[in-house]
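J.:
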Amino acid sequence: AYNNQFGTTSVNAVGAAIYQRDDFRSTYFDTNDLPTNSFPSAGSAANPGLVTGNVTGDALHSYLANVNLGFDNTFFFSASVRADGSSRFVNDRWGIFPGASAGVNLVNAGVLDAATFDLFKLRASYGVTGNNNIGNFTTRQLFGGGATYLTTPGITPTQIGNPDLVWETTNQFDVGIDLAFLDNKIGATIEYYVKNTSDLILNRPVPTTSGFLTVPENIGDMRNTGIDLALTFAPFSGDFSWTTTITAGFLTNEVVEVFNDQPLDFGFATRIEEGQPLGSFYGWVTDGIFQNADEVAAHATQPNAAPGDIRFKDLNGDGVINDADRTFIGQALPDVAGGIDNKFSYKGLDLSVFLQYTFGNEIYNNNLAFAEGLNSVFAPTVRAFEGAWRQEGDGDDFPRLVNGDPNGNRRDSDRLVEDGSFVRIKTAQLGYNFPQSMLGNGFRSLRVYIQGTNLVTWTNYSWLDPEVSTFGDANVALGTDFLTSPQPRTVQFGLNLGF
Numbered sequence: 010a011y012n013n014q015f016g017t018t019s020v021n022a023v024g025a026a027i028y029q030r031d032d033f034r035s036t037y038f039d040t041n042d043l044p045t046n047s048f049p050s051a052g053s054a055a056n057p058g059l060v061t062g063n064v065t066g067d068a069l070h071s072y073l074a075n076v077n078l079g080f081d082n083t084f085f086f087s088a089s090v091r092a093d094g095s096s097r098f099v100n101d102r103w104g105i106f107p108g109a110s111a112g113v114n115l116v117n118a119g120v121l122d123a124a125t126f127d128l129f130k131l132r133a134s135y136g137v138t139g140n141n142n143i144g145n146f147t148t149r150q151l152f153g154g155g156a157t158y159l160t161t162p163g164i165t166p167t168q169i170g171n172p173d174l175v176w177e178t179t180n181q182f183d184v185g186i187d188l189a190f191l192d193n194k195i196g197a198t199i200e201y202y203v204k205n206t207s208d209l210i211l212n213r214p215v216p217t218t219s220g221f222l223t224v225p226e227n228i229g230d231m232r233n234t235g236i237d238l239a240l241t242f243a244p245f246s247g248d249f250s251w252t253t254t255i256t257a258g259f260l261t262n263e264v265v266e267v268f269n270d271q272p273l274d275f276g277f278a279t280r281i282e283e284g285q286p287l288g289s290f291y292g293w294v295t296d297g298i299f300q301n302a303d304e305v306a307a308h309a310t311q312p313n314a315a316p317g318d319i320r321f322k323d324l325n326g327d328g329v330i331n332d333a334d335r336t337f338i339g340q341a342l343p344d345v346a347g348g349i350d351n352k353f354s355y356k357g358l359d360l361s362v363f364l365q366y367t368f369g370n371e372i373y374n375n376n377l378a379f380a381e382g383l384n385s386v387f388a389p390t391v392r393a394f395e396g397a398w399r400q401e402g403d404g405d406d407f408p409r410l411v412n413g414d415p416n417g418n419r420r421d422s423d424r425l426v427e428d429g430s431f432v433r434i435k436t437a438q439l440g441y442n443f444p445q446s447m448l449g450n451g452f453r454s455l456r457v458y459i460q461g462t463n464l465v466t467w468t469n470y471s472w473l474d475p476e477v478s479t480f481g482d483a484n485v486a487l488g489t490d491f492l493t494s495p496q497p498r499t500v501q502f503g504l505n506l507g508f
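Using the numbering used here, the first residue of the sequence shown is number 10, and each one after it goes up by one.
Here you go:
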């Protein structure tokens, strides 16, 4: 590391070499029929059970350098480069990731009046980052034991592998403005960014004659553009203080390229296709419910339909409902997402409330395919059972009660896509710090508080939680819900003592 000051110029530089290795070994066994609880060892059991084990690990070798320059507390410049070599790759293990940023404070430069602005900083940056989150042996052909034939032990292929995988890289360009007014009582940040990700690592479908369904490959490019806003208000300080920060992010996402222009399907109705955003839902478009036999006869596109079944649109006009009539029916990424963070305090009493929100996103609610498909898979929702079609004129909300699904009422369609917008009190805490004069000898501090998480949610989503996904944080299958546990609502009481 190097630090120095030359008049009004500051220099800070650092270089490093890093080696990281992770090894994980596990052994698991179970046994049955121990004589009593007094004999806990595995050797005391009458019947041995399952024995399994696992050995895995990876290594990362890195070199990095960074330099920061400051001129008269007005102009700022930073440059860095990082080289990472990962054992998770085979033929090309190294990735090079440079970055640079620059900024100028127009107030300190004398361009703007310091009586009006406390801060007016322009900044820009460009950088490259890499992703090797692919699992330790994704690139390798793997074999596993346990393929026993009669009494002869054997091994079998368990993974195709791809030794030509390389780092997934993201190039991002940002420009931004940081503002502050009225003795820093009002602050704002406005940032515009363009982020291009190349060599996306995705599972490409392969012929099933290979014995497998997919193989990992660098087969995609993606672009994100957006604007991030943050406004901070701090009108009061002292015995009573109040600070509120409002954030909003506007994102436009587009899949630029996939392998051979071939769409990829991931989980329920999610499809990745060129020109569409991630988290796009693909399926059929509904057109009400057949009310009588004449309507069924007039729509020969659905030969298995009966009165009470859902009618689907023949989008290509070929006279039959099939896969060619599917289209994009929704998307999981919101138009805007952000939060409102409020902090209040009066002497020893403090209150913080954080509200989270998203607008313009949709959820593919696959729970409804079962609970409102009304085909005896499991118990329907009350609204679907009571509103089920039973006779002509019963409406177009829910199909008939039927054993099985002869017309495909449960197929992926827009009736399973719901508005996922919500506003939620994500966290809130009320606390009190006792003054030192109220504490006895031996106590340095005392604080009592109550806090809650996921307290109240305002949403039109019909299921349990609009902020969950069946596939967790997987970025290829966003916004799907099927038998997913909701986030818990929690309330905690606490006491902090300092001695």
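Built from N, CA and C at the ideal position, the CB exists for glycine as well.
So Asp81 packs on Ala133, CB below 8 Å; how close in whole Å?
T.: Taking the first residue of the sequence shown as 1, we reach residue 81 at position 72. Taking the first residue of the sequence shown as 1, we reach residue 133 at position 124. Going by Cβ atoms, the distance from Asp81 to Ala133 rounds to 19 Å, so no, they are not a contact pair.
J.: Compare the Cα-Cα distances from Gln496 to each of Gly119, Gly461 and Phe502 and report the closest residue.
T.: Position 487 of the sequence shown, counting from 1, holds the residue named residue 496. Closest by alpha carbon: Gly461.
J.: Restricting to runs no shorter than 3 residues, where is the beta strand (DSSP E) found entirely within the segment 394 to 442?
T.: As far as the segment 394 to 442 is concerned, its whole beta strand (DSSP E) runs of at least 3 residues are 407 to 409, 426 to 428 and 431 to 442.
J.: Sort Asn117, Arg91, Met447 and Leu211 by Cα distance to Thr17 and report the nearest one.
T.: Position 8 of the sequence shown holds residue 17. The shortest C-alpha separation from Thr17 is found at Asn117.
J.: Per DSSP, Met231 is paired with what?
T.: On the sequence shown, position 222 is the one that residue 231 refers to. According to DSSP, Met231 bridges with Thr206 and Val264.
J.: Taking just the CA atoms, how far does Gly136 sit from Asp359?
T.: To locate residue 359, count along the sequence shown from 1; it is residue 350. To locate residue 136, count along the sequence shown from 1; it is residue 127. When rounded, the distance between both Cα atoms is 40 Å.
J.: Looking only at its chain, what residues have a beta carbon closer than 8 Å to the beta carbon of Ile7, apart from the 5 residues adjacent to it on each side?
T.: The structure shown has nothing for residue 7, since the chain only spans 10 to 508.
J.: Who are the near neighbours of Gln340 in its chain, counting only those whose CB is closer than 7 Å to its CB and skipping five residues on each side?
T.: Counted from its first residue, the sequence shown places residue 340 at position 331. Excluding residues within five positions, the ones whose Cβ falls inside 7 Å are Pro286, Gly288, Ser289, Phe290 and Glu371.
J.: Tell me the residue span of the alpha helix (DSSP H) that contains Val477.
T.: Here residue 477 is taken as the residue at index 468 of the sequence shown, counted from 1. Boundaries cannot be given for Val477, as no alpha helix (DSSP H) includes it and DSSP labels it neither H nor E.
J.: Grab the span of the beta strand (DSSP E) containing Phe337 for me, first residue to last.
T.: Taking the sequence shown and counting its residues from 1, one reaches residue 337 at position 328. Where Phe337 is concerned, the enclosing beta strand (DSSP E) stretches over Thr336 to Gln340.
J.: Which complete beta strand (DSSP E) runs does the segment 145 to 176 hold, if anything under 3 residues is left out?
T.: 151 to 153 and 165 to 168
J.: Check whether the Cβ atoms of Gly144 and Phe106 lie closer than 8 Å to each other.
T.: For this step, residue 144 is matched to residue 135 along the sequence shown. For this step, residue 106 is matched to residue 97 along the sequence shown. With respect to Phe106, Gly144 sits apart: the two C-beta atoms are not nearer than 8 Å.
J.: Should Tyr355 be labelled buried (16 or more other beta-carbon atoms within 10 Å of its own) or exposed?
T.: The residue given as residue 355 occupies position 346 in the sequence shown. Exposure of Tyr355 is indicated by the presence of fewer than 16 other C-beta atoms within 10 angstroms of its C-beta.
J.: Apart from the five residues just before and just after Phe33, which ones in its own chain have a Cβ nearer than 8 Å to its Cβ?
T.: For the purposes of this step, residue 33 is identified with residue 24 of the sequence shown, where counting begins at 1. Within the same chain, Phe33 has close Cβ partners Asn63, Val64, Thr65 and Gly66.
J.: According to DSSP, simplified to helix, strand and coil, what is Asn469?
T.: Reading the sequence shown from its first residue, position 460 is the one you call residue 469. Asn469 falls in the coil class under three-state DSSP.
J.: Which residues does DSSP list as the beta-bridge partners of Ala239?
T.: Translated into the one-based positions of the sequence shown, residue 239 becomes position 230. In DSSP, Ala239 forms a bridge with Thr198 and Thr256.
J.: Is Arg392 helix, strand or coil by DSSP?
T.: Indexing the sequence shown from 1 puts residue 392 at position 383. Arg392 falls in the helix class under three-state DSSP.
J.: What does the alpha-carbon distance come out to for the pair Thr499 and Thr161?
T.: The residue you call residue 499 lines up with position 490 of the sequence shown. The residue you call residue 161 lines up with position 152 of the sequence shown. Our two residues, Thr499 and Thr161, have alpha carbons roughly 55 Å apart in a direct line.
J.: Counting along the chain, where does the alpha helix (DSSP H) carrying Ala303 start and finish?
T.: Sequence index remark: in the sequence shown, residue 303 carries index 294 (1-based). The sequence shown places Asp at residue 303, not Ala. Ala302 to Ala307 is the span of the alpha helix (DSSP H), which, as asked, contains Asp303.
J.: Just mark Ile228 as buried or exposed, buried being the case when its beta carbon has 16 or more other beta carbons within 10 Å.
T.: Taking the first residue of the sequence shown as 1, we reach residue 228 at position 219. With 16 or more Cβ atoms within 10 Å of its Cβ, Ile228 is classed as buried.
J.: Within the same chain, show all residues whose beta-carbon is closer than 8 Å to that of Gly507, passing over the 5 residues directly before and after it, in chain order.
T.: Position 498 of the sequence shown, counted from the first residue, corresponds to residue 507. Correct list, in chain order: Phe452, Arg453, Ser454 and Leu455.
J.: With Phe84 as the anchor, note down where its beta strand (DSSP E) starts and where it stops.
T.: On the sequence shown, position 75 is the one that residue 84 refers to. First-last of the beta strand (DSSP E) with Phe84: Phe84 to Ser95.
J.: Determine the closest residue to Glu282 out of Asp270, Gly292 and Ala388, with distance taken between C-alpha atoms.
T.: Within the sequence shown, the letter at position 273 stands for residue 282. Selected option, being the one with the closest Cα: Asp270.
J.: If you count every other CB in all the chains shown that lies within 10 Å of the CB of Arg593, and 16 or more means buried, which is it?
T.: Any question about residue 593 goes unanswered here, given that the chain covers just 10 to 508.
J.: Tell me, which residues are paired with Ile459 by DSSP?
T.: Within the sequence shown, numbered from 1, the residue matching residue 459 stands at position 450. Looking at the DSSP assignment, Ile459 forms a beta bridge with Leu439 and Phe502.
J.: Between which two residues does the beta strand (DSSP E) harbouring Leu6 extend?
T.: With the chain running from 10 to 508 in the structure shown, residue 6 is simply not present.
J.: Return the Cβ separation of Phe242 and Thr253 in integer angstroms, given the expectation that the two are a contact with Cβ distance under 8 Å.
T.: Taking the first residue of the sequence shown as 1, we reach residue 242 at position 233. Taking the first residue of the sequence shown as 1, we reach residue 253 at position 244. Between Thr253 and Phe242 the Cβ distance is about 5 Å, and since that is below 8 Å, they are a contact.
J.: Trp176 CB to nearest chain D CB: under 8 Å?
T.: No chain D is present in this structure, which holds just one protein chain.
J.: Do you know whose CA, among Asp405, Gly258, Phe363 and Gly396, lies nearest Val345's CA?
T.: Taking the sequence shown and counting its residues from 1, one reaches residue 345 at position 336. Measuring from the Cα of Val345, the nearest candidate turns out to be Gly258.
J.: Shorter than 7 Å, the distance from the beta carbon of Ile195 to the closest heavy atom of the ligand FAD, or not?
T.: Although the ligand FAD was asked about, the structure shown includes no ligands whatsoever.
J.: Which class does Gly247 belong to by DSSP, given the choice of helix, strand or coil?
T.: Start at 1 with the first residue of the sequence shown, and residue 247 comes out as number 238. Correct three-state label for Gly247: coil.
J.: Excluding the 5 residues flanking His70 on each side, which residues of the same chain have their C-beta closer than 7 Å to its C-beta?
T.: For the purposes of this step, residue 70 is taken as residue 61 along the sequence shown, with counting starting at 1. The residues are Tyr28 and Gly94.
J.: So Asn269 is in the alpha helix (DSSP H); what residue range does that whole segment cover?
T.: Taking the sequence shown and counting its residues from 1, the one referred to as residue 269 is at position 260. Neither: Asn269 is in no alpha helix (DSSP H) and is coded neither H nor E.
J.: Mind checking Ala397: buried by the 16 CB within 10 Å criterion, or exposed?
T.: Position 388 of the sequence shown, counting from 1, holds the residue named residue 397. By the 10 Å Cβ count, Ala397 comes out buried.
J.: Within a Cβ cutoff of 6 Å, which residues of the same chain sit near Leu380, ignoring the five residues on either side of it in sequence?
T.: For this step, residue 380 is matched to residue 371 along the sequence shown. For the sequence presented, residue 380 should be read as Ala rather than Leu. Same-chain partners within the cutoff: Pro389 and Thr390.
J.: Whole angstroms are fine: how far does the CA of Pro272 sit from the CA of Thr206?
T.: Here residue 206 refers to the residue found at position 197 when the sequence shown is read from its first residue. Here residue 272 refers to the residue found at position 263 when the sequence shown is read from its first residue. If I take the Cα positions, the gap works out to 18 Å.
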